[in-house]
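Enquirer: Each residue of the sequence shown is one higher than the last, beginning at 1 in the UniProt record's numbering.
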Amino acid sequence: MKTDVQIAQEAQMKKIHEIADYLGIHEHELEPYGRYKAKVSLEVLKRLENKPNGKLILVTAINPTPAGEGKTTINVGLSMALNKIGKKTITALREPSLGPCFGIKGGAAGGGYAQVVPMDDINLHFTGDFHAITSAHNLLAALLDNHIHQGNALNIDPKRIVWKRVLDMNDRALRNIIIGLGGKADGFVRQSGFDITVASEIMAILCLSTSLSDLKERLSKMVVAYATDGKAITAGELQATGAMALLLKDAIMPNLVQTLENTPAFIHGGPFANIAHGCNSVMATTIALKLAEYVVTEAGFGADLGAEKFFDIKCRFAGLKPDAAVIVATIRALKMNGGVPKNELGFENLPGLEAGIANLERHLENVEKFGVPAVVAINKFPTDTDAEIELLREKCATKGVEVVLAEVFTKGGEGGIELAHKVVEICETKEAHYAPLYDVDGTIEEKITTVATEIYRAGRVEFTSAAKKQIDEIAALGLDKMPICMAKTQYSFSDNPGLLGAPTGFTLTVREVKVSAGAGFIVALTGDIMTMPGLPKTPAANGMDITEDGEIIGLS
């Protein structure tokens, strides 16, 4: 089979204005970026505000493993299949980050014959949204340091600056740095660091904003430092809001592209799910719901992270009511969750599979807690045996959930027809009763404990002394009545990435708690999760190149 990039480069794409015409987007509402991608004006939402929403489908997954799950591939394949059976459908995805693209994860445009295109543009610079977010974030950092250098009228405590700089690259050398070295004219010396752009609060804000005015209001509330008397210092007090919004004026508009089979796709925003809320933008999703009968979106990593935040943060803020969920798994990944070594995943192993199915069952139980009906989609591999598939069907049947095989990687939309029919059936016959897991008016400790015990199945939650102090400070500032955004390893329900399957009774340690007042949530950091990743021993970048005739090598 051809590589992803070969398949993508052979795609018969339609001009972007044809995709827009199909959706009913007017010419003045479209800002083309070349022939195959465009920005869509927020005016579309105003024009269609009284039109009923389409059906909203969330694609989520089991905990990721090196064996692969293919969540984005299923998302894209399902959207194409829904169009094939006559349902006007849009897929809504996040934008890939350059960090993991050049690191170990690769791109995030789907795979095989279920991709969004132009794949190379989407995985690289795309329409410049990440550059705009990086620039806005670092402008605020520069204004903050300059304010102190120019006299510090706000009495900012230099030891309590919480606003770092960002870069959309995995670069561990920038996690902890010293700035201001040199002479008096070069600023003041202090310790700082860089986060990856997708961990920026501005990324979260862009993805949760419902308008330009909402964006500006959220930007103004961001806490960047504390004064010597303990008062929180915001971006608004530094008079940075207008300039940041100016840099983000185009980035706030969703990006319109297409799949290999010309299904419309909105790709917009890209917060990580293990250190942020892991969902594409509210604007892209809400506009899509006005333009299509079905919108297929996704949330990052496993359902314990992305789906929980989709339900508890994105849907809560945006007033979204999801109609169904698709939980993606592979037989291979389930066996790995059951303790089967990677080099043995291609062989039938019913005991190992049964042990690993516990991970899937846990996710099914969790999605049910939010009142959303689900179906399991198995991204089929040639090594899957009939006995393994039957065992999986039997186990899921005990939970009242059906299993559908999907072959969209090799067959495109045609390989997802059965899944598409099942999703439509769920939407037409089962009523969703979506509700968030917890009330935001609870204490920070109560909300974190609810997620840890109800979703992760922790036996107890331990807060470090530093975390306890931070919680008290946030409460004293009156910023504690917000949802929780858990920063946790994606590989396990616990904060230990090596604890696979469906562990219970473990202790979850919260080591740091931060407020993202602009985004509107509180971040609880657990385990060894880092907001600036590093590159692996052999980065994917080492195998990438481009030839004189434009052929791209190694991008996936």
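C-beta: ideal position from N, C-alpha, C; glycine also.
Could you give the DSSP three-state label for residue 372: helix, strand or coil?
Expert: Position 372 of the sequence shown, counted from the start, is the residue given in the question as residue 372. Here residue 372 sits in coil by DSSP.
Enquirer: Compute the beta-carbon to beta-carbon distance between residue 93 and residue 116, rounded to the nearest angstrom, for a pair I have assumed lies under 8 Å.
Expert: Locating residue 93 in the sequence shown gives position 93, where the first residue counts as 1. Locating residue 116 in the sequence shown gives position 116, where the first residue counts as 1. Right, the Cβ-Cβ distance comes to about 7 Å (below 8 Å), so this counts as a contact.
Enquirer: What is the residue span of the beta strand (DSSP E) that residue 175 lies within?
Expert: Sequence index remark: in the sequence shown, residue 175 carries index 175 (1-based). Where residue 175 is concerned, there is no enclosing beta strand (DSSP E), given that its DSSP letter is neither H nor E.
Enquirer: For a test of the three-state rule: what should DSSP assign to residue 9, helix, strand or coil?
Expert: The count along the sequence shown starts at 1 and reaches residue 9 at position 9. Reduced to three states, the DSSP call for residue 9 is helix.
Enquirer: So is residue 373 buried or exposed if we call it buried at 16+ other beta carbons inside 10 Å?
Expert: Position 373 of the sequence shown, counted from the first residue, corresponds to residue 373. Result: buried.
Enquirer: Considering only C-alpha positions, which residue in the set 432, 286, 2, 400 is nearest to residue 47?
Expert: The residue you call residue 47 lines up with position 47 of the sequence shown. Cα-wise, what sits closest to residue 47 is 286.
Enquirer: Three or more beta-carbon pairs under 8 Å between the segment 364 to 383 and the segment 460 to 480, yes or no?
Expert: Short answer: they don't touch.
Enquirer: Would you report the Cα separation of residue 149 and residue 186, rounded to the nearest angstrom?
Expert: Translated into the one-based positions of the sequence shown, residue 149 becomes position 149. Translated into the one-based positions of the sequence shown, residue 186 becomes position 186. Roughly 9 Å separates the two Cα atoms.
Enquirer: If you drop the 5 nearest sequence neighbours on each side, which residues of the same chain put their C-beta closer than 8 Å to that of residue 190?
Expert: Translated into positions along the sequence shown, residue 190 becomes position 190. The residues are 158, 159, 161, 178, 179, 180.
Enquirer: Give the straight-line distance between the Cα atoms of residue 488 and residue 26, rounded to the nearest whole angstrom.
Expert: For this step, residue 488 is matched to residue 488 along the sequence shown. For this step, residue 26 is matched to residue 26 along the sequence shown. Approximately 42 Å between the Cα atoms of the pair.
Enquirer: Taking Cβ positions, are residue 171 and residue 130 nearer each other than 8 Å?
Expert: Here residue 171 is taken as the residue at index 171 of the sequence shown, counted from 1. Here residue 130 is taken as the residue at index 130 of the sequence shown, counted from 1. No. Outside cutoff.
Enquirer: For residue 342, I'd like the list of residues in its chain whose CB is within less than 8 Å of its CB, leaving aside the five on either flank, ordered along the chain.
Expert: Position 342 of the sequence shown, counting from 1, holds the residue named residue 342. The answer, listed in chain order, is 66, 67, 336.
Enquirer: With C-beta atoms as the reference, is residue 439 less than 8 Å away from residue 366?
Expert: For the purposes of this step, residue 439 is identified with residue 439 of the sequence shown, where counting begins at 1. For the purposes of this step, residue 366 is identified with residue 366 of the sequence shown, where counting begins at 1. No. Outside cutoff.
Enquirer: To the nearest angstrom, report how far apart residue 428 and residue 544 are at their CA atoms.
Expert: Here residue 428 refers to the residue found at position 428 of the sequence shown. Here residue 544 refers to the residue found at position 544 of the sequence shown. Near 46 Å, if we compare the C-alpha coordinates of residue 544 and residue 428.
Enquirer: Consult DSSP for residue 309 and reduce its assignment to one of helix, strand or coil.
Expert: In the sequence shown, counting from the first residue as 1, residue 309 sits at position 309. Here residue 309 sits in helix by DSSP.
Enquirer: Would you call the segment 6 to 18 in contact with the segment 229 to 238, where contact means no fewer than 3 C-beta pairs closer than 8 Å?
Expert: No, they do not touch.
Enquirer: Give the straight-line distance between the Cα atoms of residue 464 and residue 215, rounded to the nearest whole angstrom.
Expert: Taking the sequence shown and counting its residues from 1, one reaches residue 464 at position 464. Taking the sequence shown and counting its residues from 1, one reaches residue 215 at position 215. Those two C-alpha atoms are separated by around 34 Å.
Enquirer: Which residue spans inside the segment 68 to 102 form an unbroken alpha helix (DSSP H) run of at least 4?
Expert: For the segment 68 to 102, whole alpha helix (DSSP H) runs of length 4 or above, ordered along the chain, are 71 to 84, 98 to 102.
Enquirer: Please report the Cβ distance between residue 531 and residue 195, rounded to the nearest whole angstrom; I am assuming they are in contact, meaning their Cβ atoms lie under 8 Å.
Expert: The sequence position of residue 531 within the sequence shown is 531, counting from 1. The sequence position of residue 195 within the sequence shown is 195, counting from 1. That belief holds up - the Cβ atoms of residue 531 and residue 195 are roughly 4 Å apart, short of 8 Å.
Enquirer: Which residues mark the beginning and the end of the alpha helix (DSSP H) in which residue 142 is found?
Expert: Position 142 of the sequence shown, counting from 1, holds the residue named residue 142. Residues 129 to 149.
Enquirer: Put residue 409 into one of helix, strand or coil per three-state DSSP.
Expert: Along the sequence shown, read from residue 1 onward, the residue named residue 409 stands at position 409. Three-state DSSP puts residue 409 in a helix.
Enquirer: If the criterion is Cβ atoms closer than 8 Å, does the pair residue 56 and residue 309 meet it?
Expert: Here residue 56 refers to the residue found at position 56 of the sequence shown. Here residue 309 refers to the residue found at position 309 of the sequence shown. Their beta carbons are not under 8 Å apart, which means residue 56 does not touch residue 309 by this criterion.
Enquirer: Under the three-state reduction of DSSP, which class applies to residue 482: helix, strand or coil?
Expert: Residue numbering aside, residue 482 sits at position 482 when the sequence shown is read from its first letter. Three-state result, residue 482: coil.
Enquirer: Please classify residue 470: does DSSP put it in a helix, a strand, or coil?
Expert: Taking the sequence shown and counting its residues from 1, the one referred to as residue 470 is at position 470. Of the three classes helix, strand and coil, the one that applies to residue 470 here is helix, per DSSP.
Enquirer: Output the distance between the C-alpha atoms of residue 255 and residue 114, rounded to the nearest integer angstrom.
Expert: Taking the sequence shown and counting its residues from 1, one reaches residue 255 at position 255. Taking the sequence shown and counting its residues from 1, one reaches residue 114 at position 114. Cα-Cα distance, rounded: 19 Å.
Enquirer: Please report the distance separating the alpha-carbon of residue 437 from that of residue 89.
Expert: Within the sequence shown, the letter at position 437 stands for residue 437. Within the sequence shown, the letter at position 89 stands for residue 89. Cα to Cα, the separation comes out at about 29 Å.
Enquirer: List in chain order: all unbroken alpha helix (DSSP H) runs of 4+ residues lying wholly within the segment 311 to 391.
Expert: Complete alpha helix (DSSP H) runs here, min 4: 315 to 318, 331 to 337, 350 to 369.
Enquirer: Select from 211, 156, 485 the residue whose C-alpha is nearest the C-alpha of residue 624.
Expert: Here the chain comprises residues numbered 1 to 556, so residue 624 is not present and cannot be evaluated.
Enquirer: Taking C-beta to C-beta, are residue 414 and residue 2 nearer than 8 Å?
Expert: Translated into the one-based positions of the sequence shown, residue 414 becomes position 414. Translated into the one-based positions of the sequence shown, residue 2 becomes position 2. Cβ distance not < 8 Å, so residue 414 and residue 2 don't count as in contact.
Enquirer: I'd like to check one pair, residue 198 with residue 276: are the Cβ atoms closer than 8 Å?
Expert: Position 276 of the sequence shown, counting from 1, holds the residue named residue 276. Position 198 of the sequence shown, counting from 1, holds the residue named residue 198. Closer than 8 Å, so yes.
Enquirer: Mind checking residue 526: buried by the 16 CB within 10 Å criterion, or exposed?
Expert: Counted from its first residue, the sequence shown places residue 526 at position 526. With 16 or more Cβ atoms within 10 Å of its Cβ, residue 526 is classed as buried.
Enquirer: Taking the alpha helix (DSSP H) that residue 22 belongs to, which residues open and close that run?
Expert: Position 22 of the sequence shown, counted from the start, is the residue given in the question as residue 22. Element bounds for residue 22: 16 to 23.
Enquirer: By DSSP's criteria, residue 191 is part of a beta bridge. Which residues make up the other side?
Expert: Counting from one through the sequence shown, the residue named residue 191 turns up at place 191. 178, per the DSSP bridge assignment.
Enquirer: Below 8 Å on the Cβ atoms is my guess for residue 327 versus residue 353; work out the distance and round it to an integer in Å.
Expert: Residue mapping note: residue 327 aligns to position 327 of the sequence shown, counting from 1. Residue mapping note: residue 353 aligns to position 353 of the sequence shown, counting from 1. Contact flag wrong, Cβ pair sits at about 16 Å.
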